[in-house]
Structures are given as structure tokens and as C-alpha cells.
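Accompanying notes for the structure given below.
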Amino acid sequence: MSNLLSAAFDQCQSLIKTAYDTCVANGSLPAGAGTGDCDVPKEASHGDVASNFALAAARTLKLPPRAIAEVVAAQLNLHNSYFDRAAIAGAGFINFFYGAGWRNALLSAIEQDGQAYGRSDSGKCKRVNVEFVSANPTGPMTLGNARGGVLGDALASVLEAVGYEVSREFYVNDAGNQVAMLAQSIRARYIQRLKGADAIEFPEKGYHGDDIWDVADELIAARGDSLLALYEPACLAEMLSYALTRNVGRIKTDLARYGIEYNTFFHESELHNSGYVAETLALIGEKGHLYEQDGATWFRATSFGCEKDEVMVKSNGLYTYYAADIAYHRNKLETRGFDMAIDVLGADHHGHAVRFRAGLEAIGLSADRLQFALYQLVHLVRDGETVRMSKRTGKSITLSDLLDEVSVDACRFFFNNRSTDTHLEFDMGLAVREDSDNPVYYVQYAHARICSLIGKLQGEGVTVAPADTVDAGLLSGETETALLKALALYPSEVATAAATLQPYRINRYLMELAASYHKFYNACRIKEAEPATRAARLKLTDATRQTLKNGLSLLKVSAPESM
RNA sequence: GCGCCUGUAGCUCAGCCGGAUAGAGCAACUGCCUUCUAAGCAGUAGGCCGUGGGUUCGAGUCCCGCCAGGCGUGCCA
């Protein structure tokens, strides 16, 4: 549970504060300056940790930054610190350089934390509900669902890593119009199959996908034409029940293939059947946020920052999806008592964010407890041309199709390889290839390379030594330092990924860590080095192995020991 | 019209709270395996960071206008 980067930042701040206080006390600088910020300079020659204290203080102290830096730096006492020297550079930055103490502390921390390296308890065991995919059970899952699935699952893992108690949830939309339309579509195909294409008109807004034919054929195989004899509503109910069970089953199977497992499949129909939607609506009514107009019941959403009011109960007496969704989120936060709920949604649903929050405010729940991870849609490209995905054309590539061709590792890495804010271009040609163009292999290769090396040395009787027996001060070369710094970054990357709901940061991080290792590997021989150096480099190698493995396991991507 | 997201190298994208000379991968070109995995490394080339203003010691990053693209704006979900 250590974070040697933030520890170094803290120490840097405190060293500067002590030095500055001394300057104030001896009259060499006026009082009143703030603390400034620390960061890791992009350029290694600018040190390992840099402080902009002097630049930030320049205005309040009315002195040139460089002059301030020089006076403060002269008072720095680095004895017993992580740093062995500090230098002034540029406009007045004070740059600190790591010494052997920090290097040893880092290797010890990774050794001690092991699989837990990178984790923290900043989430304080708060309970979080992460809802993702929630694909309509009206057909197979799309590539958009695939992105949402990977994103949601990785986000959940990242939140767990920083100490939240996470529950993964799938909301099954098994009520409402879409589902009714599904039943109508199946019945139409069923009749067409049995009596010919002209026997019934296909519903105008029905689902045209091939899978509807499949469902009809399965029903015929199981029940023959017996469903024709049923009264229409009974027939539709039978067909719907069959189709929902079938489709939800397939969704579960596909997600399991994908390595995604849920704690809960929550059915919308439950909310309706138990009267929970009605109860929630009554609650909104009690607070005076409902009114009747044109035969419908409206929610005064404009009182809560929405552009327009919204219908809760349609003039036909049925609830809108929105009414059910408010009830659903109330159920998560109030009835089931989650401290926080996160909805992972495609950006085409971004309008939901404001409306859902408005609904929660209306029943007296803080909207801050509901957060959204909105991801831009997947842009499918094949042969240089955009392929438009639509469930209704029946020509979309499904998640299942994808998994038949592309490895789970590659899919999981690929879909998490972009910020949620940008469209993800999915190139079928590239995704199907399992070669080095796919970045996941680059990361996995680093891990396999390390395992092979450690194994080979072990065969020669050289094992990874305990951290307190190696002299990490020997790891001061350019590539060794860069690798150590990359390792130290990991806990902060996990924390940032969680705080910003952006798990793709783990991918980025792993690619950089792998690159740092490959560079080190090419620059520093291990096997033929002097015993002390060899031991230190081997320890560094093992720490890299551990960190790569921890990061990959967060993404549920395998860390192969050989390739 | 209004709202959200995006615009950075030929292509796909990083760039966290404003910081030092704007980065990576792919594509192109040049080197490195009798030596720990070449699925790797080193190097060359490639940029008015969409555009015009503003804020300040300092702007790819923050604010405003404009241009372009995606999405949303149903008694659909």
C-alpha cells in the first residue's frame, strides 16, 4: 500500500518549507510565500522531482524567482532524505535527484506489497454500484456494448484497487415498449415462417435482425405451430418469456467469455411488479413536483436544471422508462444503500445524466451520489470504410462474432486503450490480427521476457534476493533510474484512473512501463554483470514483473510467462 | 436553435492541478541478434497543438467568439 512517488513529493515539500522557514527566520527572505507544487519533470536532466516554489512565490515576495530559489536551495538539508542533491534550473525550478535511499525504499515497498502494490484504501470501503453494458435483451450485443463492458469491468477493478467495495450490476430492460416490440417481431416471424411472408405484416418499428428469425425457428422446433392457437396476448407473453430467457442467457454467456461477471442482474420488471415505481412516483408527487397535462403525468424537471419537463406516466397509463429509471436509482442508493452509483453509458445516452440527477434531487437524494462514465461510441472501420452499426439492420458485427476471431486479451486491451471522451476506432483488420501491431503483445512480451530471464538465472543458481540485501544505489544509470521512476508511478496512476473514471490510464501506464523495461533490458546486461550489480538489476527486474502483473490483472489481461 | 463530446505529426492517439526544448505507436528511411526472448532496442524524417481574441512571469492546457465533425434534444428506451 505504499506510494513512493507521493512520499517523495511530500518530502520535497517539507524540505522546501523547512528551508524557507529558515530563510525567513534569518531574514534572508520575507514571509508569506505559499508552498508551490511538485511534479515529475518530463526531461530526466531536470531531476526526478521538481518544485516550482520559487516561481509561485515570486509575486508575493516581489523578488525574481531565481534569486528566491538560490537562497532557499542554500538552506536545503538533504541528509537522511530520499534525495542526494538538488539544483536550480530554468526560470527558478528547484530540481531534486533521487539517492540510494529512495531506490532502496521503492524496491522494498514493491517486495513487501507484492500483489497489493498499487492498491490503496483511499476508498475507505465505501460501497459503490457500477452498472454497465445493460444491453437491451432484444438481440445480440454490439461492439458498443463491448466497449462498455470492458470499460465498466476495468473501472470496477480500479475502484476496488483503491479501496471501494464494488458491486457489478447489469440492468435488464425487460419491460416497456422495446420489449413489447420484440414480442411482436417474433410473432410476426413465427407466423411468416409457418404461413408465408404475406400472412402477417411485419411491425413498422420491429426488429429486423436475423436473430429474430432464429428465435421464431427455435419456437417452431420446440412448440410447432401450437402457439398460433393461443389468444394473441398470451401468445406474445409466451414468446417474450422465451426470448428474454434466451437472450439474457446469451448475454451472460458472451460476457463470461469476455471475462466479465456480475454480482447482480437486476430486472426492470421487478420495479414495476413490486409497485416500487408507483411508490417512487408518489414520493415525487408528495414533494409537489408532478402535474397533469394532456392526460399524462409530468415531472417538473425544469425545477432541477433540465431544459424541459418530462412525462412520467403516459396517457395510455404506462410508465415511461424515465420513471422506472428514477425508481431504479432510488433503489440502488436508498433501498440497497450504496454510497455511490456509477452508470457506464454510451455518449448517445448523455442526456440521461442530467435527467437522472434531477429525478434523484426530486426525491431528496443527493445527485452527487450518482456519477456517469460516458464513453464515445465505437467507430467501426473495415477496408477503410466506416461501417454503421445498427441492431435493426441485422448486419452489425456482434460481440460474439468478435470473440470468435479476436483473443479476449486483445479485445480487453483494445477497448480500454482510449480515453472515454474520444471515439474509439475499431479496425476489424487490425483487431483480428494477433501480431505486434496490437499493443497488448508489447506489454505481455515484457512480462514473458522477464519471467524467462528470471527462470534462466534461477537455473544457474542465481535467485532474486530480498530487497534489504541488495544495493539499489547501484541502479543509478539512465535506463535504470527511468525504470525505477516508472515503477514508482504505478500507485498514483491507479488512483488517478479511479478518481477520473478513466481506466485506459492503466493501459497507457503499462505500455510505458514495458517500454522502460525493454530499454533497460537492452542497455543493461544482467547475467554477466558483477554480482552486486547483477543482484540489484535482477531485483529491479522482479519488481517490474510484479508491477506489470498487477496492472494486467486489473485489466483481466493475462500475463504470460513465455511467448 | 440549445446541450454534451471532439479537433495535436501522413494515420490512430497521449499530454493529470497552467510550467522548462509538444510526445508515443503505426506507416517511411538507417543501423543493432556467435552474447539474458529481435513480439525488442538505437537513430533519421515528419508540427502556425482547428481559428481569432483574452487572462499572466508562463497557455496544447484556463476564459470568450468563430469554423468543422460526432451525439443528444419523443407521451422511444
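In terms of the working numbering, the first sequence opens at residue 518 and continues consecutively.
Ideal placement from N, C-alpha and C gives every residue a C-beta, glycine not left out.
Since the model is a prediction, treat every value here as computed from it, not as a measurement.
Exercise. Roughly how many angstroms separate the alpha carbons of residue 587 and residue 639, rounded to a whole number?
Worked result: 37 angstroms
Exercise. Can you round the beta-carbon distance between residue 971 and residue 1058 to whole angstroms, since I take them to be within the 8 angstroms contact cut?
Worked result: 7 angstroms
For this session: Inspect the CB distances between the stretch 753-764 and the stretch 702-719 and report whether three or more fall short of 8 angstroms.
Result: The answer is yes - the stretch 702-719 touches the stretch 753-764, with three or more Cβ pairs under 8 angstroms.
For this session: Would you mind stating whether residue 777 and residue 880 have Cβ atoms separated by less than 7 angstroms?
Result: no
For this session: Return the chain-ordered list of same chain residues with a C-beta closer than 8 angstroms to the C-beta of residue 1060, the five sequence neighbours on each side being excluded.
Result: So the list reads 623, 624, 627, 628, 1004, once near-sequence residues are dropped.
Problem set entry | Per DSSP, the bridge partner or partners of residue 611 | 568, 605
For this session: Determine the DSSP secondary structure at residue 677, reduced to helix, strand or coil.
Result: helix
For this session: Reducing DSSP to helix, strand and coil, say where residue 495 ends up.
Result: Nothing in the structure corresponds to residue 495, since the chain is present only between 518 and 1080.
For this session: Would you tell me roughly how many angstroms separate the C-alpha atoms of residue 600 and residue 1075, rounded to the nearest one?
Result: 37 angstroms
Exercise. Terminal residues of the continuous alpha helix (DSSP H) containing residue 783?
Worked result: Element bounds for residue 783: not the alpha helix (DSSP H) but the beta strand (DSSP E), 781-784.
Exercise. Of all the options 924, 581, 1080, which has the alpha carbon lying nearest to the alpha carbon of residue 965?
Worked result: 1080
Exercise. Where does residue 600 sit, in a helix, a strand or coil, going by DSSP?
Worked result: Three-state DSSP puts residue 600 in a strand.
Exercise. Helix, strand or coil: which one does DSSP assign to residue 578?
Worked result: helix
Exercise. Ordered along the chain, which non-local residues of its own chain (more than five positions away) have a Cβ less than 8 angstroms from that of residue 598?
Worked result: 528, 532, 616, 618
Exercise. Among 995, 793, 607, 770, which has the Cα closest to the Cα of residue 657?
Worked result: 770
For this session: Identify which residue in 555, 728, 835, 865 has its Cα closest to the Cα of residue 661.
Result: 865
Exercise. Rounded to the nearest angstrom, how far is the Cβ of residue 930 from that of residue 957, given a contact under 8 angstroms?
Worked result: 4 angstroms
Exercise. Unbroken alpha helix (DSSP H) runs of length 4 or more, entirely within the stretch 783-819: which are they?
Worked result: 785-790, 793-803
Exercise. Between residue 1002 and residue 649, what straight-line distance do the alpha-carbon atoms span, to the nearest angstrom?
Worked result: 34 angstroms
Exercise. Using the C-alpha atoms, what's the distance from residue 565 back to residue 1048?
Worked result: 27 angstroms
For this session: Measure the C-alpha to C-alpha separation of residue 1012 and residue 726 and round it to an integer number of angstroms.
Result: 42 angstroms
Problem set entry | As assigned by DSSP and simplified to three states, the class of residue 863 | strand
Exercise. According to DSSP, is residue 1010 helix, strand or coil?
Worked result: helix
Exercise. Buried or exposed: which applies to residue 596, given that a residue is buried once 16 or more other Cβ atoms fall within 10 Å of its Cβ?
Worked result: Looking at its Cβ environment, which holds fewer than 16 other Cβ atoms inside 10 Å, residue 596 is exposed.
For this session: Could you tell me whether the Cβ atoms of residue 654 and residue 764 are closer together than 7 angstroms?
Result: yes
Problem set entry | Option in 981, 1033, 692 with minimal Cα separation from residue 757 | 692
Problem set entry | Simplified DSSP assignment, three categories, for residue 555 | DSSP places residue 555 in strand when its eight states are reduced to three.
For this session: Please determine, among 821, 822, 812, the residue with the shortest C-alpha to C-alpha distance to residue 828.
Result: 812
For this session: Assign residue 757 to one of three DSSP states: helix, strand, or coil.
Result: helix
Problem set entry | Alpha-carbon to alpha-carbon, residue 1017 and residue 936 | 10 angstroms
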